[in-house]
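Asker:
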Amino acid sequence: MKYSCLFILLIISFFSCKENSEKSGELNNEGSDSSEYLLSLIPNEATNVHFFNSVVETYEANYLNYEFIYNGSGVAVGDLNNDGLEEIYFGGNSTDDKLYLNEGNFKFKDISSVLGLENLKGWTTGINMVDINADGLLDIYVCRSGPSKINTERANKLFINKGNLEFVEGARTFGLDKTTHSIQSAFFDHDRDGDLDMYLLNHPTPGFKPKKFTTHIEEVKSGKIQTDFFFENINGKFIDKTREAGLTNFGYRHGIAVGDINQDGYPDIYISSDFDEPDFFYINNKDKTFTNVIDEQINHISMNSMGNEFADINNDGLLDICVVDMAPSNHFRSKAYMKSMNTTKFNALADNGFHYQYMQNTMHVNNGNGTFSEIAQLAGIATTDWSWAPLFFDIDLDGKKDLFISNGIKENFL
Numbered sequence: 035m036k037y038s039c040l041f042i043l044l045i046i047s048f049f050s051c052k053e054n055s056e057k058s059g060e061l062n063n064e065g066s067d068s069s070e071y072l073l074s075l076i077p078n079e080a081t082n083v084h085f086f087n088s089v090v091e092t093y094e095a096n097y098l099n100y101e102f103i104y105n106g107s108g109v110a111v112g113d114l115n116n117d118g119l120e121e122i123y124f125g126g127n128s129t130d131d132k133l134y135l136n137e138g139n140f141k142f143k144d145i146s147s148v149l150g151l152e153n154l155k156g157w158t159t160g161i162n163m164v165d166i167n168a169d170g171l172l173d174i175y176v177c178r179s180g181p182s183k184i185n186t187e188r189a190n191k192l193f194i195n196k197g198n199l200e201f202v203e204g205a206r207t208f209g210l211d212k213t214t215h216s217i218q219s220a221f222f223d224h225d226r227d228g229d230l231d232m233y234l235l236n237h238p239t240p241g242f243k244p245k246k247f248t249t250h251i252e253e254v255k256s257g258k259i260q261t262d263f264f265f266e267n268i269n270g271k272f273i274d275k276t277r278e279a280g281l282t283n284f285g286y287r288h289g290i291a292v293g294d295i296n297q298d299g300y301p302d303i304y305i306s307s308d309f310d311e312p313d314f315f316y317i318n319n320k321d322k323t324f325t326n327v328i329d330e331q332i333n334h335i336s337m338n339s340m341g342n343e344f345a346d347i348n349n350d351g352l353l354d355i356c357v358v359d360m361a362p363s364n365h366f367r368s369k370a371y372m373k374s375m376n377t378t379k380f381n382a383l384a385d386n387g388f389h390y391q392y393m394q395n396t397m398h399v400n401n402g403n404g405t406f407s408e409i410a411q412l413a414g415i416a417t418t419d420w421s422w423a424p425l426f427f428d429i430d431l432d433g434k435k436d437l438f439i440s441n442g443i444k445e446n447f448l
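When the letters of the sequence shown are read in order and numbered with this note's numbering, they come out as residues 35 to 448.
(1) Kindly provide the ranges of any beta strand (DSSP E) runs that are 3 or more residues long and lie completely inside the stretch 318-350, ordered along the chain.
(2) Taking C-alpha atoms, which residue in Glu101, Ile122, Ile103 lies nearest to Phe85?
(3) Considering only C-alpha positions, which residue in the set Lys434, Thr378, Leu149, Asn333 is nearest to Asp346?
(4) Hey, out of Leu171, Phe388, Trp157, Ser74, whose CA is closest to Glu187's CA?
(5) Does the pairing of the stretch 188-203 with the stretch 262-270 give three or more beta-carbon distances under 8 Å?
(6) Alpha carbon to alpha carbon, what distance is there between Leu98 and Phe324?
(7) Enumerated in chain order, which unbroken segments of the alpha helix (DSSP H) with a length of 4 residues or greater are wholly contained in the stretch 203-227?
(8) Helix or strand or just coil, what does DSSP make of Ala384?
(9) Might you give, ordered along the chain, the residues of its own chain that have their beta carbon closer than 7 Å to the beta carbon of Asp432, omitting 5 neighbours on each side?
(10) Considering only the alpha carbon of each residue, which of Ala291, Pro312, Gln411, Gly180 lies closest to Asn283?
(11) Report yes or no: do the stretch 303-322 and the stretch 224-237 share at least 3 C-beta pairs separated by less than 8 Å?
(12) In angstroms with no decimal places, state the Cα-to-Cα distance between Asp130 and Lys143.
(13) Could you tell me which of Pro424, Phe438, Lys155 sits nearest to Asp430, measuring between CA atoms?
(14) Would a C-beta distance cut-off of 8 Å place Thr261 and Pro238 closer than the cut-off?
(15) May I have the straight-line CA-CA distance separating Ala361 from Ser368, to the nearest angstrom?
(16) In terms of residues, what are the limits of the alpha helix (DSSP H) holding Thr186?
(17) Have a look at Met232, Asp385, Gly160, Leu383 and flag the residue whose alpha-carbon is nearest the alpha-carbon of Gly108.
(18) By a C-beta neighbour count over all protein chains shown, 10 Å radius and 16 as the cutoff for buried, is Lys57 buried or exposed?
(19) Rounded to the nearest angstrom, how far is the Cβ of Ser363 from that of Asp298, given a contact under 8 Å?
(20) Need the endpoints of the alpha helix (DSSP H) that Ala413 sits in, please.
(21) Identify the residues that DSSP records as bridge partners of Val164: which are they?
(22) Flag this pair as yes or no: are the beta carbons of Thr405 and Gln331 separated by less than 8 Å?
(23) Please report how far the alpha carbon of Gln218 lies from the alpha carbon of His288, in whole angstroms.
(24) Please classify Thr417: is it buried, with 16 or more other beta-carbons within 10 angstroms of its beta-carbon, or exposed?
(25) Tell me, please, whether the stretch 351-359 touches the stretch 383-397 by the rule of three or more beta-carbon pairs shorter than 8 Å.
(26) In this structure, what does DSSP give as the bridge partners for Phe85?
(27) Would you kindly check if the distance between the Cβ of Tyr300 and the Cβ of Asp294 is under 8 Å?
(28) Using the Cβ count rule (16 or more neighbours within 10 Å means buried), how would you classify Lys271?
(29) Asn198: buried (16+ other C-beta within 10 angstroms of its C-beta) or exposed?
(30) Taking only the alpha-carbon atoms, compute the straight-line gap between Leu114 and Leu149 and give it to the nearest angstrom.
(31) In chain order, what residues of the same chain have a beta carbon less than 8 Å from the beta carbon of Ala384, not counting five sequence neighbours either side?
(32) By the three-class DSSP mapping on this structure, what secondary structure does Leu151 have?
(33) According to DSSP, which residues form a beta bridge with Phe272?
(34) For Thr92, write down the residues that DSSP places opposite it in a beta bridge.
(35) Helix, strand or coil: how does DSSP classify Glu121 here?
In structure tokens form, the structure reads like this:
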């Protein structure tokens, strides 16, 4: 199973930053030997990967009608034909999705036509490559959202791999053709019965206004307003078990992480939410239900939570939690681009039972006893501007996890 991620997008961003820094001389000594760098940029002409996720604003598609228009899309990487080489699926917004076949030696071939992507209308967000039917072949699940009011253009897609690079669209057959402004999916075996279940991140149902969150408190507590869905795999069909699993919640989603936080052998879930809505931290009860323990186990959370990740940052064998926000990295930018903390709203949320939220990245270190210590300030990662996703990996192979954070936004609306 391969979880989709923004890894390729992040690496591309890394290359871009590296190239700019070499030109400016801000990060690297001018005239230094390129052999000292850990990564090398391979030109598009060499790889034959020609994809640009364009966003074209129109009367219907613009920030005022769809405030997530600049949020970007996803990338998934996986070996679709079991030849030992990994293919790349790029999600598009105002442009077509693309699927590239890996031909070896960093050369790729555009095979988007095998999925009919040139006819796929709509707006792609998150993507997963996952063996959904356990036949040994990776399938592709594509989340859809966007400004369109046409349900069919927001219907999620599931491309079932039949082998030999032949695919059949089967989202409706599997019960996964949702039209709920989906952002990302996570496939995992929540009950350890040998098949994959699925958690689906969405934007809120119509009628939910983030800036009026305090007026919706009773509605969200009662479950009248719901965002996400949880599907249990029952005999190959995905059945909505959101309420039964205790996963009814709300919020503008940006990230999900799944892993065994408390080392009991069952997967737990962390969900990050933008605006005023709190994050959710679900511990698996091992009986097909989950309990949100964020108030009990975590002292405070990010305000505008974006992407998140589980990673053992200190090599103690326990998964830690990193969540990124959008706090500017210096004093001038913090005053120029972001308003001050609204203490009235902060107190109103806290008084109504919601968590303490501060506008900064958070790094929650797992203490191994059902508590976490938040150390983002100590780690020097609290403010990284308009951030989207954290990615931990050992880039220099020294046994310690390094952190890459993607950030940036096309426009600043003041």
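From the three backbone atoms N, C-alpha and C, an ideal C-beta is built for every residue, glycine too.
Answerer: If we stick to the structure as given:
(1) Runs found: 324-326, 342-345.
(2) Selection Glu101, Ile122, Ile103 evaluated against Phe85 yields Ile122 as nearest (Cα-Cα).
(3) Nearest in C-alpha terms to Asp346, of all of Lys434, Thr378, Leu149, Asn333, is Lys434.
(4) The candidate whose alpha carbon is nearest that of Glu187 is Trp157.
(5) No, they do not touch.
(6) About 36 Å.
(7) Restricting attention to alpha helix (DSSP H) runs no shorter than 4 residues, the stretch 203-227 encloses them at 205-208, ordered along the chain.
(8) Ala384 carries a helical assignment under DSSP once its states are collapsed to helix, strand and coil.
(9) Nothing meets the Cβ criterion.
(10) Closest option to Asn283, Cα to Cα, is Pro312.
(11) The stretch 303-322 is in contact with the stretch 224-237.
(12) Cα to Cα, the separation comes out at about 16 Å.
(13) For Asp430, the closest alpha carbon among the candidates Pro424, Phe438, Lys155 is that of Phe438.
(14) Yes. Within cutoff.
(15) Each residue's alpha carbon lies about 7 Å from the other.
(16) 185-188 is the span of the alpha helix (DSSP H), which, as asked, contains Thr186.
(17) Of Met232, Asp385, Gly160, Leu383, the residue nearest in Cα terms is Gly160.
(18) With a pLDDT of 37 at Lys57, under the threshold of 50, the modelled position of this residue cannot be trusted, and the question is left open.
(19) With 8 Å as the limit, Ser363 and Asp298 do not qualify as a contact, their Cβ atoms being about 38 Å apart.
(20) Start and end: 410-413.
(21) Looking at the DSSP assignment, Val164 forms a beta bridge with Asp173.
(22) Pairing Thr405 with Gln331 gives a Cβ-Cβ distance under 8 Å.
(23) CA-to-CA, the gap between Gln218 and His288 works out to about 8 Å.
(24) The residue is buried, with at least 16 neighbouring Cβ atoms inside 10 Å.
(25) These segments touch.
(26) According to DSSP, which records beta bridges pairwise, Phe85 is partnered with nothing at all.
(27) Between Asp294 and Tyr300, the gap from beta carbon to beta carbon is short of 8 Å.
(28) It is exposed - the Cβ of Lys271 has fewer than 16 other Cβ atoms within 10 Å.
(29) Its Cβ having fewer than 16 others within 10 Å, Asn198 is exposed.
(30) Near 12 Å, if we compare the C-alpha coordinates of Leu149 and Leu114.
(31) Around Ala384: Tyr390.
(32) Leu151: helix per DSSP, three-state reduction.
(33) For Phe272, the beta-bridge partners assigned by DSSP are Asn267.
(34) DSSP, once it has assigned bridges, lists no residue as partnering Thr92.
(35) In this structure, Glu121 counts as strand in the three-state DSSP scheme.
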